[in-house]
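Some notes on the structure that comes next.
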Amino acid sequence: MFNTLISTTELAEHLHDPNWVVIDCRFDLADKEWGAQEYAALHIPGAVYADLEKDICGPITPISGRHPLPENKDFISAMQRIGVNNDSQVVVYDATGGGMAGRLWWQLKYFGHEKVALLNGGLPKWLTEGRDTTDGVESNPAGDFSGVPDFTMMVTTDEVKAMLGSKNNTIIDARAPERFRGEVEPIDTVAGRIPGAVNRFYNNNLDSSGQFLPAESLKTAFETLLNGFKPQDAVAYCGSGTTACHNLIAMAYAALPMPRLYVGSWSEWIRDPKNPIERG
-16 MFNTLISTTE LAEHLHDPNW VVIDCRFDLA DKEWGAQEYA ALHIPGAVYA
34 DLEKDICGPI TPISGRHPLP ENKDFISAMQ RIGVNNDSQV VVYDATGGGM
84 AGRLWWQLKY FGHEKVALLN GGLPKWLTEG RDTTDGVESN PAGDFSGVPD
134 FTMMVTTDEV KAMLGSKNNT IIDARAPERF RGEVEPIDTV AGRIPGAVNR
184 FYNNNLDSSG QFLPAESLKT AFETLLNGFK PQDAVAYCGS GTTACHNLIA
234 MAYAALPMPR LYVGSWSEWI RDPKNPIERG
C-alpha cells in the first residue's frame, strides 16, 4: 500500500493495474479552466481529471473560506464517478509540486481512504523522464467508494479561536513568507496571519527538482518548527485549506503524527472582522 508518496518508477510499474486509480488534480486559482484544458491536452495514461472546485471542494457560503468541504454525499458521488472503489490504490498528481493534489490526498484520508499517495515530482518529473502520455478525456467504471468523514482530522474557526494563546497548541501557516507577514495579499481581501502562527511555506518541503526532501530532513525541519509542541496538537492552515495539506503530507512522509487541518483557513478567518490578525 502506498499512503504518502509514490515515485514515478513505482507508478509506471503499476499504471495498468486494474485496481489503481490515477487522478490528475492540476488547477490554477487565477484560471479555473486551465487544469481541465491541460489535462485534455496531455496527461498520464489512464488518469481521470478531478476539478478542485467542482469535484473536491464544496460551494462557497457567506461564512466559509474559498475551498470548503463538500457535502459528504457530493464528495462520495464525485469519487464514485471518477472510479474510486473502497479498496482502490489512488494516486494523485499535479504540476505544482503537490500544492493542489495534496487537498484530495488529505480529503480521501479524511473520508477514511488510506490507500492514497501523491506522485513525488508530479507530472513535470514524469515528463522529464520521457514517460508515456496521452490526450483526450478518460473515464473509469463507476466505483463503490463509501467514505465516512473523520471529524477529528479538522478544526473549525471557533476551535482555532479557542487555541489562541494556548500553551498546548501551535498553528502552522503554509503560505509564502510575504503573505504570512502581511506584506502582500494577492488573493484574499485582508493581509496578515492568525495570531501566534508559525510559518512553513509549503514549497520549502521540496528540493530544486520539485521532489520532496528526504524524510529525515523534513522530520528535523518540522520538529524545529514545532519547538516542543506535539505534531498532533498542531493545526495546519493556508489561504483556503489546500496548500496546508502539503505540510501534512510532508509530516506524514517524515513519520510524524499529522496535525489537524483548518479547512476554512485564512479566507474563512477574515470573514469575521472581529477575529484578531497579526502582521510583521
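Each residue of the sequence shown is one higher than the last, beginning at -16 in this note's numbering. By construction, the Cβ of each residue, glycine as well, lies at the ideal position given by its N, Cα and C atoms. For clarity, every value in this text was computed on a predicted model and none was experimentally measured.
Original post:
Distance, Cα to Cα, asparagine -14 vs glutamine 72?
Top reply: Here residue -14 refers to the residue found at position 3 when the sequence shown is read from its first residue. Here residue 72 refers to the residue found at position 89 when the sequence shown is read from its first residue. Distance between the alpha carbons of asparagine -14 and glutamine 72: 9 Å.
Original post:
Should aspartate 127 and asparagine 69 be called a contact, given that it needs their Cβ atoms to be closer than 9 Å?
Top reply: Taking the first residue of the sequence shown as 1, we reach residue 127 at position 144. Taking the first residue of the sequence shown as 1, we reach residue 69 at position 86. Judged by their CB atoms, aspartate 127 and asparagine 69 are nearer to each other than the 9 Å cut-off.
**OP:** Please work out which residues of its chain come closer than 7 Å, Cβ to Cβ, to alanine 84, disregarding the five sequence neighbours upstream and downstream, and give them in chain order.
**Re:** For this step, residue 84 is matched to residue 101 along the sequence shown. Result list for alanine 84: Cys8, Val75, Tyr76, Asp77 and Leu101, in chain order.
Subject >> DSSP beta-bridge partners of tyrosine 76 >> reply: Residue mapping note: residue 76 aligns to position 93 of the sequence shown, counting from 1. In the DSSP output, where bridge partners are listed per residue, tyrosine 76 has Asp7.
Subject >> Terminal residues of the alpha helix (DSSP H) in which threonine 207 lies >> reply: As a first step, residue 207 is located in the sequence shown; it is residue number 224 there, counting from the start. Residues 198 to 209.
Original post:
What three-state label does DSSP hand arginine 64 in the structure shown?
Top reply: Reading the sequence shown from its first residue, position 81 is the one you call residue 64. Helix at arginine 64.
**OP:** Take proline 28 and list the residues in its own chain whose beta-carbon comes closer than 6 Å to its own, dropping the five residues that flank it on each side.
**Re:** Working through the sequence shown from its first residue, we reach residue 28 at position 45. Here the set comprises Asp115 and Thr117.
**OP:** Determine the direct distance from the alpha carbon of glutamate -7 to that of proline 51, and round the result to whole angstroms.
**Re:** In the sequence shown, the residue the question calls residue 51 occupies position 68. In the sequence shown, the residue the question calls residue -7 occupies position 10. Looking at the two C-alpha atoms, the distance is approximately 32 Å.
Subject >> Residue(s) in a DSSP beta bridge with isoleucine 43 >> reply: By one-based count along the sequence shown, residue 43 stands at place 60. None, per the DSSP bridge assignment.
Original post:
For threonine 265, is the classification buried or exposed, using 16 other Cβ atoms within 10 angstroms of its Cβ as the cut-off for buried?
Top reply: The chain is shown only over -16 to 263; residue 265 falls outside these bounds and no answer can be derived.
Original post:
Can you tell me whether DSSP reads isoleucine 260 as helix, strand or coil?
Top reply: Against the sequence shown, residue 260 aligns to sequence position 277. Isoleucine 260 falls in the coil class under three-state DSSP.
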